[in-house]
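See structure below.
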């Protein structure tokens with residue numbers, strides 16, 4: 303896997319509130335992910351993990367508060383960090399082939415020589431033989447591989463992953479863990495929510511547990527990190 | 127990357143997915159064909175009656191067919207949350223609208239040109255002498271329908287009762303386009319055809335105003 307193209311980027315959330323009607327998904331949440339960290343978000347259903355990731359991806363606007371993207375090589379600036387995002391849904395078109403999907407997004411992202419990049423990624427995710435098959439003919443795990451390839455197309459310095467191993471078989475999960483390990487070691491910042499992928503959560507350099515939209519625990523070392531990761535593995 | 131380059135990439139995707147599934151084109155062609163044929167069989171209009179009522183019928187059929195066509199425009203982007211992937215990939219979200227409204231205009235025009243000869247034969251109305259002007263009016267009218275419809279499709283896709291909401295919003299909003307397009311088409315199909323510049327001017331201004339509004343505020347329509 304190629305290392306990230308640009309300088310590593312972090313994320314800073316300051317006093318983030320997100321309300322859906324009268325329901326708070328996030329409440330006064332303040333935290334910072336520094337460039338190069340690999341952070342696992344854990345917490346029960348409805349604790350705000352997905353909302354936080356979608357706010358970080360700039361897909362959802364917070365009701366109040368500020369999100370900034372400090373870079374490792376420049377002063378904090380808002381909004382210019384290239385982001386790779388894997389969501390619950392695959393974010394690819396069922397009516398296009400795997401290759402057409404990746405080429406579409408590669409062209410939108412202005413990737414130089416998109417055909418070569420797409421071919422390389424298809425090889426890495428193990429779908430080169432099915433490159434011309436429509437995505438709707440794929441299994442859930444194969445779709446997830448296309449989704450991950452789409453997120454990695456532009457070698458983003460910031461990766462946001464919402465349960466990225468959904469649908470992957472043990473080989474697929476091992477491949478994902480290895481890919482994320484290489485990206486982390488190359489300096490890519492990773493923020494991900496997990497449920498039950500121990501070989502992926504073991505990559506974490508930091509664990510954050512959310513409860514009812516607030517940070518309930520946040521640690522980088524020791525037994526607390528293990529307990530947060532254990533929660534993620536539960 | 128420029129707005130137009132992004133939009134052209136997305137337009138290619140829209141055309142490819144539609145010509146692969148043919149969902150929208152089939153639905154609209156069959157719908158308009160049924161309206162035209164059933165109306166012709168039911169009322170058996172004379173040539174004079176056709177010139178009087180035909181243009182209104184034609185544009186009503188186009189409008190209802192457009193509401194069917196526009197419904198899935200943003201709805202199918204929600205199936206796999208592909209709209210989020212597009213928002214993360216394009217610099218200017220207007221590129222998404224530009225591609226979709228161009229595709230919708232092309233699909234609508236294609237449907238109209240397929241059905242114009244059938245209308246001409248069934249209603250005994252000569253369209254060939256004014257074909258150039260008819261194409262121009264169809265373009266202006268279809269563009270207006272597509273611009274407003276694409277914007278409303280983005281709004282209704284995120285709402286409850288979305289199947290009901292789009293026609294409820296679309297049909298009243300497009301009534302001025304319907305009236306102006308009908309007026310211009312009626313003038314062109316007259317035994318002594320003439321160009322209704324007032325109607326054409328209205329359609330051009332409508333298109334320009336709604337396109338500008340979409341360019342300015344479209345980004346907010348895509349937010350969750």
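Residue numbers (my numbering), protein chains in the order written: chain A, 303 to 536; chain B, 127 to 350.
All C-beta atoms in this analysis are idealised placements derived from N, C-alpha and C, irrespective of residue type, glycine included.
Just so it is clear, the structure is predicted and the values come from calculations on it, not from any experiment.
Chain-ordered neighbours of residue i on chain A, where CB pairs are closer than 7 Å
i	result
residue 215/B	407, 410, 411
residue 146/B	397
Sequence-distant residues of its chain with Cβ nearer than 8 Å to residue i (five each side left out)
i	result
residue 256/B	314, 315, 319
residue 513/A	345, 346, 349
residue 413/A	419, 455, 456
residue 157/B	187, 190, 191, 194
residue 183/B	161, 162, 165
residue 345/B	219, 220
Terminal residues of the alpha helix (DSSP H) in which residue i lies
i	result
residue 509/A	Note, residue 509/A: premise wrong, no alpha helix (DSSP H); beta strand (DSSP E) at 508-513.
residue 277/B	257-282
residue 486/A	472-487
residue 347/A	From DSSP, residue 347/A is part of no alpha helix (DSSP H); its letter is neither H nor E.
residue 327/B	323-347
residue 307/B	301-314
residue 256/A	In the structure displayed, chain A extends from 303 to 536; residue 256/A sits before or after that span and is not available.
residue 244/B	220-248
residue 462/A	Premise fails: residue 462/A lies in the beta strand (DSSP E), 460-464, not in any alpha helix (DSSP H).
Contact list for residue i against chain B, beta-carbon separation under 7 Å
i	result
residue 362/A	350
residue 359/A	214
residue 391/A	206, 207
Cβ separation of residue i and residue j, assumed to be a contact under 8 Å, to the nearest whole Å
i	j	result
residue 200/B	residue 238/B	Between residue 238/B and residue 200/B the Cβ distance is about 23 Å, and since that is not below 8 Å, they are no contact.
residue 337/B	residue 306/B	16 Å between Cβ atoms; not a contact.
residue 394/A	residue 449/A	6 Å
residue 295/B	residue 278/B	5 Å
residue 453/A	residue 461/A	7 Å
Sequence-distant residues of the same chain with beta carbon closer than 7 Å to residue i, five excluded per side
i	result
residue 446/A	392, 468, 469, 470
residue 192/B	234, 271, 275
residue 377/A	Residue placement at residue 377/A is flagged as unreliable, the pLDDT there being 44, under the threshold of 50; a coordinate-derived value is accordingly withheld.
residue 141/B	229
residue 266/B	326, 329, 330, 333
residue 486/A	340, 492, 505
residue 351/B	Since the first residue shown for chain B is 127 and the last is 350, residue 351/B is missing from the structure and cannot be characterised.
residue 389/A	464
residue 293/B	193
Own chain partners of residue i with C-beta closer than 6 Å, once the 5 adjacent residues on each side are dropped
i	result
residue 318/A	328, 331, 364, 367
residue 379/A	The pLDDT assigned to residue 379/A is 42, lower than 50, so where the model puts this residue is not dependable, and the model offers no usable value.
residue 185/B	304, 307, 308
residue 381/A	Residue placement at residue 381/A is flagged as unreliable, the pLDDT there being 47, under the threshold of 50; the coordinate-derived value follows with that caveat. If we look at residue 381/A and ignore the five residues flanking it on each side, it has no Cβ neighbours.
residue 356/A	362
residue 518/A	511
Span of the beta strand (DSSP E) around residue i
i	result
residue 392/A	First-last for residue 392/A: undefined, no H or E at that position.
residue 206/B	It is not in any beta strand (DSSP E) - residue 206/B carries neither H nor E in the DSSP assignment.
residue 335/A	325-335
residue 316/A	313-322
residue 516/A	516-521
Chain-ordered neighbours of residue i on chain B, where CB pairs are closer than 8 Å
i	result
residue 452/A	211
residue 400/A	By Cβ distance, chain B contributes nothing, its closest Cβ being about 13 Å from residue 400/A, past 8 Å.
9 Å Cβ cut-off: residues of chain B touching residue i
i	result
residue 394/A	206, 208, 211
residue 387/A	210, 211, 214
Contact set between residue i and chain A, taken where Cβ atoms lie within less than 9 Å
i	result
residue 135/B	406, 409, 410
residue 312/B	Within chain A, no residue comes near residue 312/B; the closest Cβ sits about 40 Å away, beyond 9 Å.
Beta-carbon neighbours of residue i, restricted to chain A and to distances below 8 Å
i	result
residue 132/B	410
residue 143/B	395, 397, 398
residue 226/B	Within 8 Å Cβ-Cβ: nothing; residue 226/B doesn't reach chain A, min ~14 Å.
Just checking, does the segment 474-486 of chain A make contact with the segment 403-418 of chain A on the three C-beta pairs under 8 Å criterion?
no
Can at least three beta-carbon pairs, one atom from the segment 164-181 of chain B and one from the segment 132-152 of chain B, be found at a separation below 8 Å?
no
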